[in-house]
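Structure record follows, encoded as structure tokens.
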Amino acid sequence: MLSSGANDVSDGTRQPPLTPAGARPGPFASHPAAVDADVSAAVRRCLEQIIGERLAHCRTLDTVFGDDLAARLAVFTLHGGKRVRPQLLWWSFRAGGGEARHTAAVLRIAAALELLQTCALVQDDAMDGSPLRRGRAALHTDVAHQYPEAGPDFAKAAAVLVGDLALAWADDVVAGTPLPAPMADAVREIWRVMRTEMVAGQYLDLHGQVTGMPSAARTVRIACLKSGMYSVERPMVLGAALAGADARTTEILSAAGRCAGIAFQLRDDLQGVFGAPRATGKPSGDDIRQGKPTHLVAVARARAWTDGDTEALAVLDDCVGARRLTEDRLAEVRQVLERTGAREAVERRAERLGFRGLRRLAEAALPEPAAGRLRELLRAAAGCGPGPRTRAVDDGGAPLGAGKRRR
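Every position in the sequence shown, counted from 1, becomes a number in the numbering used here once 1249 is added.
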């Protein structure tokens, strides 16, 4: 381990500490019952300690770096967000019969998930040029306001560095969390795979914007990689690994999480076009303006092509990817998504996926209250109501985009 003391260098200046104070796990462990009562609060306390230590270290390196980047990372991570991923991890840990002695370790991995989410969001906003996040200025927008003379490239580069720093901190937390050898190997392998999946999904999202709209099947794969895996499935599998759950329980949690995770991204795509900015925290229609390869648009295009609806195809060709799209033209896109039946088809697909995930979860006969909390979280992620509007068929049975068209 690197020394934490200051070191002299050849010119007589003092070198700041190489290791942040508190690199070892801190005293934020709680009894499982206390975490059960408020998972978000327990994870926040853990995050406050981890981020506080690292922010202090960054400021010893350089106050400009500490204030401009590390402090923004801290604010973004600690303020806003629903802590869904940590809750999925925690309740999967509890459902798998996790031992109380691992509580502190579970909270640290949950905190690492939130740092990974910070990386994903700030870099996604910078790449897309999105001005808002969580109803406030996106991080790169905030930097641009501080340095208006520097131009947008500087602000976006700063945001990318904040994301890199968040990912580095997340990796540090995972690597520094003490776990028994077999469990540690499993957790770190899941973490490694999850990071790569997230980057793959983000790149495919960008790739689809510049190469043209992929097929409906391809857009589901992109949705799965970009958000579904790291938002729902992988946190649940991490929880199972931390609990030492058996293979069957782990497989069921994984399958349930994958269904809900894809549904989560499909709902997010719908909200991006039809949701109110006050509710979503993002400008309405940004996915259309940026030419995002969403399943919603892919289904609309496929249906319009099948029906010979040249007017709908012309609207999609003209508007998807048009950065200066007006509200009137955006309204035309919404009409096409409605008229082709794409909106309803995607809503029903998300619903089927959500209920399929809930059925898979029920197969495990998990203990309460963990099972109930997981049901609630999966329902919320997938946007499921109390019951399906239609017969809850297996989602694998119908072709993508199938269903009644609105003419």
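Using N, Cα and C, we set each Cβ at its ideal position, and we do this for glycine too.
Report the residue from the options whose alpha carbon sits nearest the alpha carbon of residue i.
i	options	result
P1281	P1618, C1633 and M1443	P1618
V1448	R1598, C1473 and V1459	C1473
P1532	R1608, D1495 and D1518	D1518
R1385	A1419, L1545, A1283 and G1329	G1329
E1302	V1422, A1387 and A1291	V1422
R1605	A1291, E1348 and L1627	L1627
T1666	A1291, A1419, A1614 and G1540	In the structure as shown, the chain starts at 1250 and stops at 1656, and residue 1666 therefore has no counterpart that could be examined.
V1288	R1357, A1466, G1570 and G1603	R1357
V1582	R1497, A1620 and G1534	G1534
E1297	R1308, T1575 and A1361	A1361
T1401	A1435, C1508, M1376 and D1420	The sequence shown places Pro at residue 1401, not Thr. The option with the nearest alpha carbon to P1401 is M1376.
G1346	G1634, A1408, A1629 and A1620	A1620
A1563	L1574, T1575 and V1585	V1585
A1613	R1497, E1398 and G1603	R1497
With a CB to CB cut of under 6 Å and the five nearest residues on each side skipped, what residues in its chain are close to residue i?
i	result
A1404	H1389, V1392 and A1393
A1354	T1426 and L1428
M1443	Y1479 and R1483
R1273	Note on R1273: pLDDT 47, under 50, position unreliable in the model; the coordinate value appears next. Hits under 6 Å: none found.
R1578	C1568
L1565	R1550
A1407	V1392
A1629	none
Name the DSSP bridge partner or partners of residue i?
i	result
A1386	L1381
Excluding sequence positions up to five away, which residues of its chain have a Cβ less than 7 Å from the Cβ of residue i?
i	result
T1499	V1486 and A1489
D1536	D1518, G1521, V1522 and T1543
E1596	L1519
A1387	D1374, S1379, P1380 and L1381
V1411	L1318, R1321, L1322, V1371 and L1388
G1530	L1381, R1382, R1383 and G1384
F1325	T1367, V1371 and L1388
P1719	Residue 1719 lies beyond the range of the chain shown here (1250 to 1656); nothing can be said about it.
C1307	F1314, G1315 and A1319
G1524	S1533
A1599	A1512, L1515, R1516, A1631 and G1632
P1526	P1532 and S1533
How about residue i and residue j: are their beta carbons less than 7 Å apart?
i	j	result
R1516	R1538	no
H1351	L1491	yes
V1481	G1510	yes
L1337	A1359	no
A1504	R1609	yes
Y1631	A1494	Per the sequence presented here, residue 1631 reads as Ala, with Tyr not at that position. No, these two residues do not count as a Cβ contact at 7 Å.
G1477	Q1514	yes
L1615	A1286	no
W1340	R1622	yes
S1279	A1291	yes
A1591	L1545	yes
Here's a check: name, in chain order, each residue in its chain whose Cβ is nearer than 8 Å to the Cβ of residue i, leaving out the five neighbours to either side.
i	result
R1293	L1327 and R1332
T1589	V1548, A1549, R1552, A1553, D1556, D1558, A1561, R1654 and R1655
I1471	G1450, L1453, D1454, G1457, P1463 and P1542
R1507	C1473, G1477, M1478, V1481, E1482 and G1606
A1369	G1412, M1447, Q1451 and Y1479
P1276	Here the model assigns P1276 a pLDDT of 49, short of 50, so the residue's position is not dependable, and the following value carries that caveat. For P1276, where only same-chain residues beyond five positions count, there are no Cβ hits under 8 Å.
A1435	A1490
Cβ contact (3+ pairs, closer than 8 Å) linking the segment 1475-1486 and the segment 1439-1453: yes
Contact between the segment 1411-1425 and the segment 1362-1374 (3+ Cβ pairs under 8 Å): Flag = yes, the segment 1411-1425 and the segment 1362-1374 touch.
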